[in-house]
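Start counting the sequence shown at 1; every next residue gets the next number (the numbering used here).
Ideal Cβ positions, reconstructed from N, Cα and C, are used throughout, including at glycine.
Notes follow the structure.
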Amino acid sequence: MQGHRGDPWTQGRGDDRVGRAQVVHHSGQRSGVFHAGRDHSRPRDLRRTRRTSTELRRASSTRGARVSAPFVEIVIACHDESRPIERAVSSVLADDDVRDRVRVTVVAHGIDASSLASRLAEIPGDVRVVPFRDDIRSAAGPFNRGLDSVEAEYCGVMGSDDFLEPGVMSRWIAHVDAERPDAAIAQIRRQSHTIMPNPLVRLGRRVRLDAAKDRLFYRTAPLGLIRTERMRALGLRMVEGMRVGEDFDFGIRLWAHGGRIDFLGGMGSYVIGEDARQRTTESTMTMTERFEPITRLFQDGVFAALSPAYRQALAIKLIRVSIVGTAQAVVDTNPPDGDVAEVAALLRRLLQEAPRALSPFNRRDRWVLDGLLDEPTSARMVADVRRAQRAGRWGRWFTPDLVHSFARESTLRRYVLYYCKRERGRKM
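Structure (structure tokens):
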């Protein structure tokens with residue numbers, strides 16, 4: 001879900017259903033090789049297995065070849081052959097000093113795997129292409145398929161439009177190899193834009209982060225590196241069948257229950273590509289589709305499993321991004337009263353989980369939120385959003401009671417933290 005523009009809080013962003021599958025795998029600069037073998041978890045699944053001594057010798061003579069499992073494995077889901085998949089894969093394997101410790105697994109989602117393998121064959125390093133088809137317009141299935149096959153100690157996911165800046169993988173590996181966190185959150189930016197501020201961690205903090213104190217829930221997407229053992233112990237999976245937000249459950253549970261969480265800030269960026277003809281997750285959606293990832297959190301017990309502090313932090317984030325953000329995003333469309341009623345119902349449900357969640361909101365946002373609670377109609381919501389858009393500094397910076405204007409989740413506190421981090425960066 002997209003946050004509303006100009007809000008400093010939102011300037012950031014299954015089961016294998018294939019009876020038969022083939023894995024196209026290459027290491028170094030060799031052409032693609034099909035490795036056939038039995039995967040006991042999936043009948044007739046063909047994947048990389050033992051090679052003959054001749055094959056091993058041939059592989060060992062090529063750059064980036066490996067017999068043992070990689071240290072890091074990045075899963076890239078690709079559903080459209082027009083995507084710049086070569087850029088994504090090349091960026092992961094670009095750093096010579098760590099290339100032999102990295103594998104890229106590309107999941108061809110409903111498209112020709114051999115065609116992708118041919119395009120990637122000349123990229124130096126360990127690349128395999130896994131076919132997958134589920135006829136569902138969601139990245140969850142292919143990501144789950146790829147993560148299920150991971151053999152590395154650390155893993156991660158990447159969109160086919162996205163890429164890493166030069167040197168990023170080398171610095172990521174240096175950090176996790178030395179520190180051994182359970183998860184390391186990537187610094188991200190949109191292509192042609194500056195670095196996204198989320199998560200806005202405490203001043204001076206980079207390691208052993210706390211989901212509430214370091215505002216980790218503002219980073220839903222689990223971009224970066226994750227210890228594979230921890231991911232599987234928690235049973236983390238993308239939620240299949242949803243057009244957007246398939247990673248909500250995954251990311252929230254990882255930040256809340258994932259053990260040691262570090263932030264890879266200052267190590268270069270994961271870049272969200274913006275040059276694709278379409279992005280699956282940014283198409284027009286109904287209000288029910290927009291909110292399905294959140295309603296699933298209630299249904300699946302994710303909220304219930306959180307501590308009170310984490311529940312409060314998550315509710316505030318969802319109200320700020322998904323309630324206020326949605327109200328601002330749809331105001332020009334004159335939404336029907338039924339849609340506004342859905343927004344108001346979700347707001348009430350979130351307040352049931354965290355009754356004090358509205359306390360850190362500034363006056364401008366409270367005009368919109370209080371209106372949804374008092375009179376959930378299209379006319380009232382449009383009027384409140386228009387009023388909020390005209391708010392001055394008093395309305396943008398301060399809460400109605402002033403006391404909570406300096407709370408951790410307040411807008412004013414965030415602006416102060418921005419300023420301190422900027423000044424600190426200038427002095428370094």
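Just grab the DSSP bridge partners of glycine 159 for me.
Along the sequence shown, read from residue 1 onward, the residue named residue 159 stands at position 159. Note: glycine 159 sits in a beta bridge opposite Ala77.
Inter-residue Cα distance where the pair is valine 416 and arginine 119:
By 1-based counting over the sequence shown, the position of residue 416 is 416. By 1-based counting over the sequence shown, the position of residue 119 is 119. Distance between the alpha carbons of valine 416 and arginine 119 is about 48 Å.
Continuous beta strand (DSSP E) stretch holding leucine 264: start and end:
On the sequence shown, position 264 is the one that residue 264 refers to. The continuous beta strand (DSSP E) containing leucine 264 extends over residues 261-264.
Alpha carbon to alpha carbon, what distance is there between glycine 110 and aspartate 135?
Start at 1 with the first residue of the sequence shown, and residue 135 comes out as number 135. Start at 1 with the first residue of the sequence shown, and residue 110 comes out as number 110. Their backbone Cα atoms lie some 7 Å apart in a straight line.
Report the three-state DSSP secondary structure of aspartate 134 (helix, strand or coil).
As a first step, residue 134 must be located in the sequence shown, where it is residue number 134. Three-state DSSP puts aspartate 134 in coil, outside helix and strand.
Are there 16 or more other CB atoms within 10 angstroms of the CB of aspartate 337, so buried, or fewer, so exposed?
Numbered from 1 along the sequence shown, position 337 holds the residue referred to as residue 337. With fewer than 16 Cβ atoms within 10 Å of its Cβ, aspartate 337 is classed as exposed.
Under 7 Å: does the beta carbon of isoleucine 316 sit that close to some heavy atom of the ligand MG?
In the structure shown, the ligand MG is absent, as is every other ligand, since no ligand is present at all.
Shortest alpha-carbon distance to alanine 345 belongs to which of Asn362, Glu292, Arg103 and Ala94?
Against the sequence shown, residue 345 aligns to sequence position 345. Measuring from the Cα of alanine 345, the nearest candidate turns out to be Glu292.
If you check the beta carbons only, do glutamate 353 and phenylalanine 303 fall under 8 Å apart?
What you label residue 353 is simply residue 353 of the sequence shown in a count that begins at 1. What you label residue 303 is simply residue 303 of the sequence shown in a count that begins at 1. With respect to the 8 Å criterion, glutamate 353 and phenylalanine 303 are classified as neighbours on the basis of their beta carbons.
Candidates Gly258, Met242, Tyr270 and Asp182: which alpha carbon is nearest serine 192's?
Taking the first residue of the sequence shown as position 1, residue 192 is located at position 192. Looking at the Cα atoms, Tyr270 is the closest of the given residues.
Have a look at the DSSP bridge pairing and note the partners of arginine 103.
By 1-based counting over the sequence shown, the position of residue 103 is 103. Paired residue(s): Glu73 and Asp126.
For a test of the three-state rule: what should DSSP assign to alanine 304, helix, strand or coil?
The residue labelled residue 304 in the question sits at position 304 within the sequence shown. Here alanine 304 sits in coil by DSSP.
Of all the options Arg414, Asn334, Val207 and Tyr418, which has the alpha carbon lying nearest to the alpha carbon of methionine 381?
The residue labelled residue 381 in the question sits at position 381 within the sequence shown. Of Arg414, Asn334, Val207 and Tyr418, the residue nearest in Cα terms is Asn334.
Let's test the definition: count the other Cβ atoms within 10 Å of the Cβ of cysteine 155 and tell me whether it reaches 16, buried, or not, exposed.
What you label residue 155 is simply residue 155 of the sequence shown in a count that begins at 1. Buried, because 16 or more other Cβ atoms sit within 10 Å of the Cβ of cysteine 155.
In three-state DSSP terms, what is valine 429?
For the chain, the structure presents residues 1 to 428; residue 429 sits outside this window and is missing.
Could you check the C-alpha separation between alanine 221 and glycine 251 for me, to the nearest Å?
In the sequence shown, counting from the first residue as 1, residue 221 sits at position 221. In the sequence shown, counting from the first residue as 1, residue 251 sits at position 251. Alanine 221 and glycine 251: Cα-Cα distance of roughly 6 Å.
Counting beta carbon pairs with one atom in the stretch 72-92 and one in the stretch 122-135, are three or more of them shorter than 8 Å?
Three or more Cβ pairs closer than 8 Å define a contact, and the stretch 122-135 meets that threshold against the stretch 72-92.
Do arginine 366 and leucine 358 come within 8 Å of each other at the CB atom, strictly closer than that value?
Looking up residue 358 in the sequence shown gives position 358. Looking up residue 366 in the sequence shown gives position 366. In this structure, leucine 358 sits near arginine 366, with a CB-CB distance shorter than 8 Å.
The alpha helix (DSSP H) that contains alanine 88, what's its start and end?
Counting from 1 along the sequence shown, the entry for residue 88 is found at position 88. Under the DSSP assignment, alanine 88 falls in the alpha helix (DSSP H) whose first and last residues are 85-92.
Which residues in the same chain have their Cβ closer than 7 Å to the Cβ of arginine 434, if we skip the five residues on either side of it in sequence?
Because the chain is modelled from 1 through 428, residue 434 falls outside the range shown and cannot be assessed.
For tryptophan 172 and alanine 341, what's the separation of their Cα atoms in angstroms?
On the sequence shown, residue 172 is found 172 positions in, with the first residue counted as 1. On the sequence shown, residue 341 is found 341 positions in, with the first residue counted as 1. Annotation: tryptophan 172 to alanine 341 spans about 45 Å, alpha carbon to alpha carbon.
For isoleucine 257, which residues of its own chain have a beta-carbon under 7 Å away from its beta-carbon, when the five flanking residues on both sides are left out?
What you label residue 257 is simply residue 257 of the sequence shown in a count that begins at 1. Position check: residue 257 holds histidine in this sequence, whereas isoleucine was assumed. Correct list, in chain order: Leu234.
Going by DSSP, name the residue or residues bridged to leucine 225.
Along the sequence shown, read from residue 1 onward, the residue named residue 225 stands at position 225. For leucine 225, which the question treats as bridged, DSSP gives the partners Ala184.
Using the rule of at least 16 other Cβ atoms within 10 Å of the residue's Cβ for burial, across every protein chain shown, is threonine 105 buried or exposed?
Taking the first residue of the sequence shown as position 1, residue 105 is located at position 105. Classification of threonine 105: buried, given that the 10 Å Cβ count is 16 or more.
Backbone CA spacing between tryptophan 394 and arginine 363 [nearest angstrom]
Position 394 of the sequence shown, counted from the start, is the residue given in the question as residue 394. Position 363 of the sequence shown, counted from the start, is the residue given in the question as residue 363. Approximately 8 Å between the Cα atoms of the pair.
Just the C-alpha distance for tyrosine 419 and serine 410, rounded to the nearest angstrom, thanks.
Numbered from its first residue, the sequence shown carries residue 419 at position 419. Numbered from its first residue, the sequence shown carries residue 410 at position 410. Their backbone Cα atoms lie some 15 Å apart in a straight line.
Using the DSSP secondary-structure output, state which residues sit across from valine 109 in a beta bridge.
Sequence index remark: in the sequence shown, residue 109 carries index 109 (1-based). It is worth fixing the name first, because residue 109 is histidine in this sequence and not valine. For histidine 109, the beta-bridge partners assigned by DSSP are Phe132.
Per-residue burial, aspartate 95 [other beta carbons within 10 Å of its own, 16 or more giving buried]
Translated into the one-based positions of the sequence shown, residue 95 becomes position 95. So aspartate 95 ends up on the buried side.
Status (buried if at least 16 other CB within 10 Å, exposed otherwise) for leucine 200:
By one-based count along the sequence shown, residue 200 stands at place 200. Buried.
For proline 308, count neighbouring C-beta atoms within 10 Å of its own C-beta (all shown protein chains included) and say buried if the count is 16 or more, exposed if not.
Position 308 of the sequence shown, counted from the first residue, corresponds to residue 308. Exposed.
Given that a residue counts as buried once 16 or more other Cβ atoms are within 10 Å of its Cβ, and exposed if not, what is leucine 350?
In the sequence shown, counting from the first residue as 1, residue 350 sits at position 350. Per the 10 Å Cβ criterion, buried.
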